[in-house]
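J.: One structure follows; several queries about it will come next.
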Amino acid sequence: MTDDNNQKLYDLSRRRVLAGLGAVGLASAGAGLGTSAFFSDQEDFEGNELTAGTLDVLVDWEEHYYDGSAGRDLVELVPESDIDILDDNQYILPAVENPDARAVAIRFLGEGTFQENKDAFWDATSIEALPDGDNDGIQDEFSDDQVCNGEAGLTNVGNADAEELSEGLYAPNRTSNDVTAPGDPLINLDDVKPGDFGEVTFSFHLCDNPGYVWLNGMLNEDFTGEGILTEPERNDPDEMEGVVELLDEMQVRMWYDPDCDNQVERRGEVDIMLAIDTSGSITGQEQTDLEDGVATFVDALPTDGSAQVGAVSFGDDSVTGLSGLVDPGNFSLGSLSYGADTPMPGAIDIADQVLDDQGRPDALPVVVVVTDGGPNYGENETDPSYSASVGGSSYSAPRGAGFSADDNSPGYDNNDSDPATVTEAEQDETALVADAVKANPDGSRIAVLNVAPGTTELGGGRDLSDYLEDEIASAGFYNQIPISNFPGVADDIAAEVVVEEEVFFNGSLRTALSALSENEGRGVPLDGNRVTTFDELADPEDDPNRDPFTGAGVTHCVGFQWWLPVNHANQIQGDKAGFDIGFYAEQARHNTGVGMIPEDGNATGTGNTTETGNTTETGNTTTEQLS
1 MTDDNNQKLY DLSRRRVLAG LGAVGLASAG AGLGTSAFFS DQEDFEGNEL
51 TAGTLDVLVD WEEHYYDGSA GRDLVELVPE SDIDILDDNQ YILPAVENPD
101 ARAVAIRFLG EGTFQENKDA FWDATSIEAL PDGDNDGIQD EFSDDQVCNG
151 EAGLTNVGNA DAEELSEGLY APNRTSNDVT APGDPLINLD DVKPGDFGEV
201 TFSFHLCDNP GYVWLNGMLN EDFTGEGILT EPERNDPDEM EGVVELLDEM
251 QVRMWYDPDC DNQVERRGEV DIMLAIDTSG SITGQEQTDL EDGVATFVDA
301 LPTDGSAQVG AVSFGDDSVT GLSGLVDPGN FSLGSLSYGA DTPMPGAIDI
351 ADQVLDDQGR PDALPVVVVV TDGGPNYGEN ETDPSYSASV GGSSYSAPRG
401 AGFSADDNSP GYDNNDSDPA TVTEAEQDET ALVADAVKAN PDGSRIAVLN
451 VAPGTTELGG GRDLSDYLED EIASAGFYNQ IPISNFPGVA DDIAAEVVVE
501 EEVFFNGSLR TALSALSENE GRGVPLDGNR VTTFDELADP EDDPNRDPFT
551 GAGVTHCVGF QWWLPVNHAN QIQGDKAGFD IGFYAEQARH NTGVGMIPED
601 GNATGTGNTT ETGNTTETGN TTTEQLS
């Protein structure tokens, strides 16, 4: 048995992690019991063991900075008169609550799509990452299953075993180049100018148990001040004695970054194909809930031309109910036929073919799979295949190499004769199809909505939710909701698919640090399920719409972006600001997300924290790292 409850009070400022608790052995001692009047029999259970669970946060990151040098040939500054005229290659960082400043607006240059040109610029401006074995500033790739066993090369930045605790972010596998080196502060900016901008995307991982997570931080007064008061600063009408104006002029944006690409993706064009499970396990009221949820999902999509939607259903031994891509206002689901098995690979394959054939060149292609089970197909068939037609176009699955376990097979050859079992072979073959779709150079994504009522075990002992999230869905695009709740949250799911990412803070650096120090120092409460409506800045920590984050090393990404709007800005010359950013986590079990109960029952404790020391300065002064 496990128990992940540790209520010991820790000081938030200490850069220590919650140590894993060792095993506690309990052994029974034999004793003779019984009398002539009573019979007794004792069984000894020796070597009993109770192991306490663990809650440990590991953090990695990738950071970018544009100061007009690296990446300069890939962008051009948008004139102030054109900032409000959007085009396909424009990227805007707004001037927040400052009428004298204007936005930082650039236009990406290049022959590719908006996203391709943007990616090239992001690569050119990478300066720091962990892990980064080749020191190119771009984070090395790793998988979730490599995180907690040490294979990913991550470093717990609060680890007491670091060579120098004063170095804070000591990590031998951090980027080491002419910009940054192990031991430097993470956000380490010298000579910041109006128009400069950058960001860092943190990936955090809860090893073992699920947990509530906060993003926290605070201003460090020792590294904050006006510096040398230059003549331009002294004469600027916006200069106020004793006020570090940099904290008010520097703008900050914080967001959930489910694809962990360091970019806040604007809502552009998106083409969506719904793949709807109509297998025999969906009956009665569930069918009505499913169709009502689909209708709500489509109704929530924008009708300004930015979105198109189509659908295909899979069940009853076939892939059918195909409708091509249309404006959401013109979409009609039609009549669905329910029954028999779950030919998921054929549905994903055909949905992706429709996106390839009918989708727009610059639109993001997304397959949205709505299902209550795993793939099960081809009952009493050899090499089953599927076809569907719409508007004079016909599509067949599998389409070729990479879409079947056997490239020489005319169909999906891992079918199962037992309709009651989702075999490992069926799981593996369907994962091959999903991987091929997600590997498309057009950036295709698969979003999965699991509407199964509880826990479902697949062949090989695998949990359905784990399979759909890890093997089928794109990172960050998995949701699990009972089918009865689907109609009520379908509009939120639609927003998640279309908008992709949720910005939960926009404002000045001063306001950001204030928010990050709220809730008795725990900071901004993060939500493990963005389908629900939770306001990170306004709602209470224990709001029922706030959910914990998945444990077991699953990757969760949060972005922190900063920029200095374009204005005369003489009032900030020489100003410097130092601050900490960190994460706080506490176990989900037996807690409500408002801080753990300490041993004395009077104060708020902390679970597991990691912190980063960051400094931002302007002018010609040098930066120092927080201890």
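Taking UniProt numbering, the leading residue of the sequence shown gets 1, the next gets one more, and so forth.
By construction, the Cβ of each residue, glycine as well, lies at the ideal position given by its N, Cα and C atoms.
Please classify Gln7: does DSSP put it in a helix, a strand, or coil?
T.: Any reading at Gln7 must be qualified, since the residue scores a pLDDT of 28, below 50, and its modelled position is unreliable; the value itself is stated next. The answer is coil: DSSP assigns Gln7 none of H, G, I, E or B.
J.: Does the stretch 133-140 come within contact of the stretch 278-285, defined as at least 3 CB pairs closer than 8 Å?
T.: Between the stretch 133-140 and the stretch 278-285, the count of C-beta pairs closer than 8 Å stays below three; the two stretches do not touch.
J.: Could you give the first and the last residue of the continuous alpha helix (DSSP H) run that contains Ile83?
T.: Looking at the DSSP string, Ile83 is not in any alpha helix (DSSP H), and its letter there is neither H nor E.
J.: Return the CA-CA distance between Trp255 and Ala452, expressed in angstroms with no decimal places.
T.: 29 Å
J.: Sort Ala397, Leu364, Thr455, Ala405 by Cα distance to Gly374 and report the nearest one.
T.: For Gly374, the nearest C-alpha among the options comes from Thr455.
J.: Let me confirm a value: Asn376 is counted as buried when at least 16 other C-beta atoms fall within 10 Å, else exposed. Which label applies?
T.: With 16 or more Cβ atoms within 10 Å of its Cβ, Asn376 is classed as buried.
J.: So, for Gln90: in the same chain, excluding its five sequence neighbours on each side, which residues have a beta-carbon less than 7 Å away from its beta-carbon?
T.: Val78, Ala105, Arg107
J.: Sort Cys148, Gly378, Arg445, Asp289 by Cα distance to Gly488 and report the nearest one.
T.: Asp289
J.: Let me know the beta strand (DSSP E) ranges lying completely inside the stretch 83-155, each 3 residues or longer, listed in chain order.
T.: The DSSP assignment places complete beta strand (DSSP E) segments of no fewer than 3 residues inside the stretch 83-155 at 90-93, 104-108, 126-130, in order along the chain.
J.: Does Glu221 pass the burial test, meaning 16 or more other C-beta atoms within 10 Å, or should it be called exposed?
T.: exposed
J.: Tell me whether Pro410 is buried or exposed, calling it buried when 16 or more other Cβ atoms sit within 10 Å of its Cβ.
T.: exposed
J.: Output needed for Glu471: all residues of its chain with C-beta closer than 6 Å, excluding positions within five of it in sequence on either side, in chain order.
T.: Ala431
J.: Use the C-beta contact count for Ala538: other C-beta atoms within 10 angstroms, 16 or more gives buried, fewer gives exposed.
T.: exposed
J.: Could you tell me whether the stretch 285-302 touches the stretch 312-319, where touching means 3 or more Cβ pairs closer than 8 Å?
T.: no
J.: With a CB to CB cut of under 7 Å and the five nearest residues on each side skipped, what residues in its chain are close to Arg510?
T.: These residues qualify, in order along the chain: Leu247, Asp248.
J.: At what residue ranges does the stretch 503-586 contain a whole run of the beta strand (DSSP E), taking only runs of 3 or more?
T.: 503-508, 556-563
J.: Taking buried to mean at least 16 other C-beta atoms within 10 Å of its own C-beta, is Ala311 buried or exposed?
T.: buried
J.: Quick check on the DSSP output: the alpha helix (DSSP H) that includes Met344 runs from which residue to which?
T.: Annotation for Met344: the continuous alpha helix (DSSP H) segment containing it runs 344-358.
J.: Note down, in chain order, each residue of its chain lying with its Cβ closer than 7 Å to the Cβ of Ala401, except the 5 sequence neighbours on either side.
T.: Asp407
J.: Per DSSP, Thr296 is paired with what?
T.: Bridge partners of Thr296 according to DSSP: none are assigned.
J.: Hey, Arg102 and Asn567: beta-carbon distance below 9 Å or not?
T.: yes
J.: Compare the Cα-Cα distances from Val264 to each of Ala120, Ala439, Glu80, Gly559 and report the closest residue.
T.: Gly559
J.: Does the Cβ of Lys193 have 16 or more other Cβ atoms within 10 Å, making it buried, or fewer, making it exposed?
T.: exposed
J.: Please give me, in chain order, every unbroken run of the beta strand (DSSP E) with length at least 3 that falls completely inside the stretch 412-470.
T.: 445-450
J.: So the alpha helix (DSSP H) Glu249 belongs to, where does it begin and stop?
T.: 246-249
J.: Do you know offhand how far Pro131's Cα is from Ala436's?
T.: Computed Cα separation, rounded: 27 Å.
J.: Who are the Cβ neighbours of Gln353 in its own chain at under 8 Å, not counting the five residues just before and after it?
T.: Cβ neighbours of Gln353 within its own chain (closer than 8 Å, five residues either side excluded): Tyr395, Ala397, Arg399.
J.: For the pair the stretch 109-116 and the stretch 578-588, tell me if three or more CB-CB distances fall below 8 Å.
T.: no
J.: Report yes if the CB atom of Ala275 is closer than 9 Å to the CB atom of Val367, and no otherwise.
T.: yes
J.: Roughly how many angstroms lie between the CA atoms of Asn262 and Phe204, to the nearest whole one?
T.: Spanning the alpha carbons of Asn262 and Phe204 requires a straight line of approximately 14 Å.
J.: Which term fits His556, buried or exposed, when burial requires 16 or more other beta carbons within 10 angstroms of its beta carbon?
T.: buried
J.: Going by Cα to Cα distance, which pick from Gly284, Gly595, Ala552 is closest to Asn519?
T.: Gly595
J.: Between the C-alpha atoms of residue 640 and Gly378, what's the straight-line distance to the nearest angstrom?
T.: This structure cannot settle anything about residue 640, because the visible part of the chain is limited to 1 through 627.
J.: Pop quiz: Gly211 and Gly551 are said to be a contact at Cβ under 8 Å. What is the actual Cβ separation, rounded to whole angstroms?
T.: Indeed, because the Cβ distance is near 7 Å, the residues count as touching under 8 Å.
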